[in-house]
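Below you'll find the structure, written out as structure tokens, and then a few comments.
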Amino acid sequence: MTMRIKAHVLCTTSCLALTLTACGDSSDRVSTTDMSSASSTSPSTTDDATATSGETSNGTSDGASNATSGSESDSDGATSSGSGGEDNENLMACAMGYALPGPAEQAPGDADAGYHALLNEGYVTCGIPYALFPIAKPLLGAFADEEPLPGREGKNATVPYNWTVHTSKSSGAEIVSLNCLECHAGRFDGELIIGLGKADADYTETIGGFLSDIPIPPIPLPGLEEMTRMAQRYQVVGDFTKMKTVGTNPADGLAAALSAHRDKDTLEWSNEPLIELGEFVVPVDTPPWWHTKKKNGLFCNGMARGDHRATMIYATSLCTDSVPEAEGIFSYFNNIRAFIASVEAPTYPFAIDAALADEGEALFLENCSCCHGTYADDPAAESYPNLLIPLDVVGTDAYLASEADALPFSDWFNSSWYGEVGQLTTGDPFVGYVAPPLDGIWATAPYLHNASVPTIEQVLNSAARPQYWRRVDYDSTHYDQETVGWPWTELPYGQDGAPDGERKHVYDTTIIGHSNAGHPFGDHLTDGERRAVIEFLKTL
Numbered sequence: 034m035t036m037r038i039k040a041h042v043l044c045t046t047s048c049l050a051l052t053l054t055a056c057g058d059s060s061d062r063v064s065t066t067d068m069s070s071a072s073s074t075s076p077s078t079t080d081d082a083t084a085t086s087g088e089t090s091n092g093t094s095d096g097a098s099n100a101t102s103g104s105e106s107d108s109d110g111a112t113s114s115g116s117g118g119e120d121n122e123n124l125m126a127c128a129m130g131y132a133l134p135g136p137a138e139q140a141p142g143d144a145d146a147g148y149h150a151l152l153n154e155g156y157v158t159c160g161i162p163y164a165l166f167p168i169a170k171p172l173l174g175a176f177a178d179e180e181p182l183p184g185r186e187g188k189n190a191t192v193p194y195n196w197t198v199h200t201s202k203s204s205g206a207e208i209v210s211l212n213c214l215e216c217h218a219g220r221f222d223g224e225l226i227i228g229l230g231k232a233d234a235d236y237t238e239t240i241g242g243f244l245s246d247i248p249i250p251p252i253p254l255p256g257l258e259e260m261t262r263m264a265q266r267y268q269v270v271g272d273f274t275k276m277k278t279v280g281t282n283p284a285d286g287l288a289a290a291l292s293a294h295r296d297k298d299t300l301e302w303s304n305e306p307l308i309e310l311g312e313f314v315v316p317v318d319t320p321p322w323w324h325t326k327k328k329n330g331l332f333c334n335g336m337a338r339g340d341h342r343a344t345m346i347y348a349t350s351l352c353t354d355s356v357p358e359a360e361g362i363f364s365y366f367n368n369i370r371a372f373i374a375s376v377e378a379p380t381y382p383f384a385i386d387a388a389l390a391d392e393g394e395a396l397f398l399e400n401c402s403c404c405h406g407t408y409a410d411d412p413a414a415e416s417y418p419n420l421l422i423p424l425d426v427v428g429t430d431a432y433l434a435s436e437a438d439a440l441p442f443s444d445w446f447n448s449s450w451y452g453e454v455g456q457l458t459t460g461d462p463f464v465g466y467v468a469p470p471l472d473g474i475w476a477t478a479p480y481l482h483n484a485s486v487p488t489i490e491q492v493l494n495s496a497a498r499p500q501y502w503r504r505v506d507y508d509s510t511h512y513d514q515e516t517v518g519w520p521w522t523e524l525p526y527g528q529d530g531a532p533d534g535e536r537k538h539v540y541d542t543t544i545i546g547h548s549n550a551g552h553p554f555g556d557h558l559t560d561g562e563r564r565a566v567i568e569f570l571k572t573l
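Numbering-wise, the sequence shown is residues 34 to 573 according to the numbering used here.
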């Protein structure tokens, strides 16, 4: 297996949760990189998506009615593709959106230094003693079965790419901790791509259980207290990090659980919850890092506004138990943020039908660009509107956005030290989802913010989505170039009817938070038009 460290290469050569303008003719279009499908992902650090119909707040209905009348005049003269005038509905959906303010000025940083810090700094401040890691590694299951990352040096060249060897600032012991690549490095066509969300991660079991199985030698071992702290934290938050289905990410549940056990003023940890959260499972599709540079608000609901470092640092806060400790991590996260912002989408590695893609570009500009933006060889010629779309307009599963707004997490965050850096905003001016950029969309299956739709073809045809399905396998070289997604099979049963060994591989859209409804904006296209749009999306 090869590993594509494209992000770092691009960083060195160029330097972890909608306007209605067209981009010009097809000669201006990138034919190999840069785009994503009309669906989404979420915070996990997490960023794009859409949700099932639900009530909105803060005057959404008034805004929607005003936007509707405005969109009727905006769409005068628009021609219909596929079925007489229905693309006006797409323009109306865009007109009901709210453009997130920005872009916020981000702290400058050194992307090369950020790449080094990403892989070598101990921003997750607890872990396993390095001397014990060879014994622990076989017991950690999927959490430690990855290969080392080419280019790392010293002891870090010997550990899986999603772990980092560093010296604990609290104990002085040499420990091994998880890093951001646990979620933000995925495989496509056999290559590891830094910045691609990990679509085959198995969070149906928690790492806390694996940590408890590690035998403790009957000798003094520096760093054991760090492993004890790590295991204890994961056991406390375990219920919020255990997913129903392989491939979905627990970032949102983990974020809420950490806030419930931490004092907002001192960041001191409490084993007992300080805030009652109830029970919930929120599945997230990890968004690609290359979208970050375009987004005014991170995550699928656009809630992380202002300085993006605030939520990036918070995503590493499992064992950050004091303000001085957080400030130490903050001191170099401007560089990590700069690296993340430097990541570019990979190039589609297979053949593209250029003539069909040209047809698809025209259809995309007419039907999709008002929400998802425009794309060109020159980034300065592109547009991305950062449109927050009301839940009842986009129609996809509302659970993530609604829970993020209803839970006290944003209040805790905004009044804590993290809130001095950036703010979480979940209901201004309404609760919704942001139509994501589409750079590299072809690499980011499955789709929608909860990973409920297997292929782009089904994103563009809501009637074709399966109620119960599973991936055929997790081999990243097995890819469906026609429908654009991982090969999948429809099942006659959901998780309740699945055999024990298969249950965690079944995506059951009847489970709360897992619906595949909504985003009907490609339904009016003919099969041939969908084929053309899909071919165009491969060029982004």
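Glycine residues also receive a C-beta, built at the ideal position from the N, C-alpha and C atoms. All values reported here derive from a predicted model rather than from experimental measurement.
Task: Sequence-distant residues of its chain with Cβ nearer than 6 Å to Ala177 (five each side left out) - done: For Ala177, same chain residues with a beta-carbon under 6 Å away, outside a window of 5 residues either side, are Lys170, Pro193 in chain order.
Task: Assigned exposure category for Glu215 - 16 Cβ within 10 Å defines buried - done: With a 10 Å radius around the Cβ and a threshold of 16 neighbouring Cβ atoms, Glu215 comes out buried.
Open item on the list: Using only the alpha-carbon positions, how far apart do Asn153 and Pro253 sit?
Closed with: Cα atoms of Asn153 and Pro253: separation of roughly 26 Å, rounded to the nearest angstrom.
Task: Same chain only: Cβ atoms within 6 Å of Gly561, ignoring 5 sequence neighbours per side - done: Taken in chain order, the list of residues that qualify is empty.
TODO: For the beta strand (DSSP E) containing Gly199, list its first residue and its last residue.
DONE: Strictly speaking, residue 199 in this sequence is His, with Gly absent from that position. Note, His199: beta strand (DSSP E), 196-200.
- [ ] Express the C-alpha separation of Lys537 and Gln268 in angstroms, rounding to a whole number.
- [x] If you draw a straight line from the Cα of Gln268 to the Cα of Lys537, it comes to about 20 Å.
Open item on the list: Between Asn400, Arg262, Tyr381, Arg295, which has its C-alpha nearest Cys159's C-alpha?
Closed with: Just measuring C-alpha positions, the residue of Asn400, Arg262, Tyr381, Arg295 sitting nearest Cys159 is Arg262.
Task: DSSP state of Leu481 mapped onto helix, strand, coil - done: It is coil, neither helix nor strand.
Open item on the list: Going by C-alpha to C-alpha distance, which of Val505, Gly530, Asp533 sits closest to Glu523?
Closed with: Taking only the C-alpha atoms, the option nearest Glu523 is Val505.
TODO: Could you tell me whether the Cβ atoms of Leu287 and Ala264 are closer together than 8 Å?
DONE: Using a Cβ distance threshold of 8 Å, Leu287 and Ala264 do not count as a contacting pair.
Open item on the list: To test your reading of the DSSP string, which unbroken alpha helix (DSSP H) runs of 4 or more residues are found completely within the region 361-401?
Closed with: Within the region 361-401, the alpha helix (DSSP H) runs of at least 4 residues that lie entirely inside it are, in chain order, 387-400.
Task: Distance, Val209 Cα to Thr458 Cα - done: Each residue's alpha carbon lies about 34 Å from the other.
Task: Sequence-distant residues of its chain with Cβ nearer than 6 Å to Ser495 (five each side left out) - done: Setting aside the 5 residues that flank it on each side, Ser495 is surrounded in the same chain by Pro553, Asp556, each with a C-beta closer than 6 Å to its C-beta; the list follows chain order.
Task: Separation of Gly230 from Ala378, as counted between CA atoms - done: Approximately 12 Å, taken between the alpha carbons.
- [ ] Could you spell out the range, first to last residue, of the beta strand (DSSP E) harbouring Pro423?
- [x] Counting along the chain, the beta strand (DSSP E) containing Pro423 begins and ends at 420-423.
- [ ] Grab me the residues of Phe397's own chain with a C-beta within less than 7 Å of its C-beta, minus the 5 sequence neighbours each way, in chain order.
- [x] Answer for Phe397: Val566, Phe569, listed in chain order.
Task: Buried versus exposed, by CB contacts within 10 Å (16 or more), His199 - done: Residue environment analysis places His199 among the buried positions, since at least 16 neighbouring C-beta atoms fall within 10 angstroms of its C-beta.
Open item on the list: Taking 8 Å as the threshold (C-beta atoms), are Asp354 and Leu389 in contact?
Closed with: The answer is no: Cβ separation not under 8 Å.
Task: Residue environment, Phe332, which counts as buried when at least 16 other CB atoms sit within 10 Å - done: Label assigned to Phe332: buried.
Task: Closest Cα partner of Arg503 within the set Glu490, Tyr526, Glu515 - done: For Arg503, the nearest C-alpha among the options comes from Tyr526.
- [ ] Indicate the three-state DSSP secondary structure (helix, strand or coil) for Arg536 in the structure shown.
- [x] Assignment of Arg536 by DSSP, reduced to helix, strand and coil, places it in the helix class.
Open item on the list: Spatial neighbours of Ile489 within its chain, please: C-beta separation below 8 Å, excluding the five flanking residues on both sides.
Closed with: So the qualifying residues of the chain are Ser70, Ala71, Ser72, Ile474, Trp475, Ala478, Tyr480, Thr516, Val517, Gly518, Ile567, Leu570.
Open item on the list: List, from N- to C-terminal side, the alpha helix (DSSP H) runs of 4 residues or more that fit wholly inside the region 417-470.
Closed with: Taken in chain order, the complete alpha helix (DSSP H) segments of 4 residues or longer contained in the region 417-470 are 424-427, 432-439, 442-448.
- [ ] Under 8 Å by Cβ, that's how I've got Ile227 and Ala234 pegged, so tell me the actual separation to the nearest angstrom.
- [x] Contact doesn't hold; Cβ gap of about 15 Å is too wide.
- [ ] Identify the continuous beta strand (DSSP E) that holds Val505 and give its terminal residues.
- [x] Val505 -> no beta strand (DSSP E), and no H or E assigned at all.
Task: Which residues DSSP lists as bridging Ser210, in chain order - done: In DSSP, Ser210 forms a bridge with Thr197.
Task: Delimiting residues of the alpha helix (DSSP H) encompassing Glu415 - done: Per DSSP, Glu415 lies in no alpha helix (DSSP H) and is assigned neither H nor E.
Task: For Tyr267, the residue or residues it bridges with in DSSP - done: DSSP output for Tyr267 lists no bridge partner at all.
TODO: Determine the contact status of Asn334 and Tyr417, defining contact as a CB-CB distance below 8 Å.
DONE: Taking 8 Å as the cut-off, the Cβ atoms of Asn334 and Tyr417 do not count as close.
Task: Cut-off 8 Å between Cβ atoms - residues of its own chain near Gly187, not counting five sequence neighbours on either side - done: Answer for Gly187: Val198, listed in chain order.
Task: CB contact flag (Ser204, Glu138, <8 Å) - done: Result no, Cβ atoms of Ser204 and Glu138 do not sit closer than 8 Å.
- [ ] Report all residues from its chain with a CB closer than 6 Å to the CB of Ala175; omit the five preceding and five following residues, and keep chain order.
- [x] Cβ within range, chain order: Asp235.
Open item on the list: Just to confirm, is the Cβ distance from Phe313 to Met345 under 8 Å?
Closed with: No.
Task: Of the listed residues Lys275, Ala395, Leu310, nearest to Ala290 (C-alpha basis) - done: Residue Leu310 is the option with its Cα nearest to Ala290.
Task: Distance between beta carbons of Lys297 and Ser449, contact taken as under 8 Å - done: With a Cβ gap of about 4 Å, Ser449 and Lys297 count as contacting.
Open item on the list: Below 8 Å, how does it come out for the region 357-371 and the region 541-548: are there three or more Cβ pairs, yes or no?
Closed with: Contact fails: fewer than three Cβ-Cβ distances are below 8 Å.
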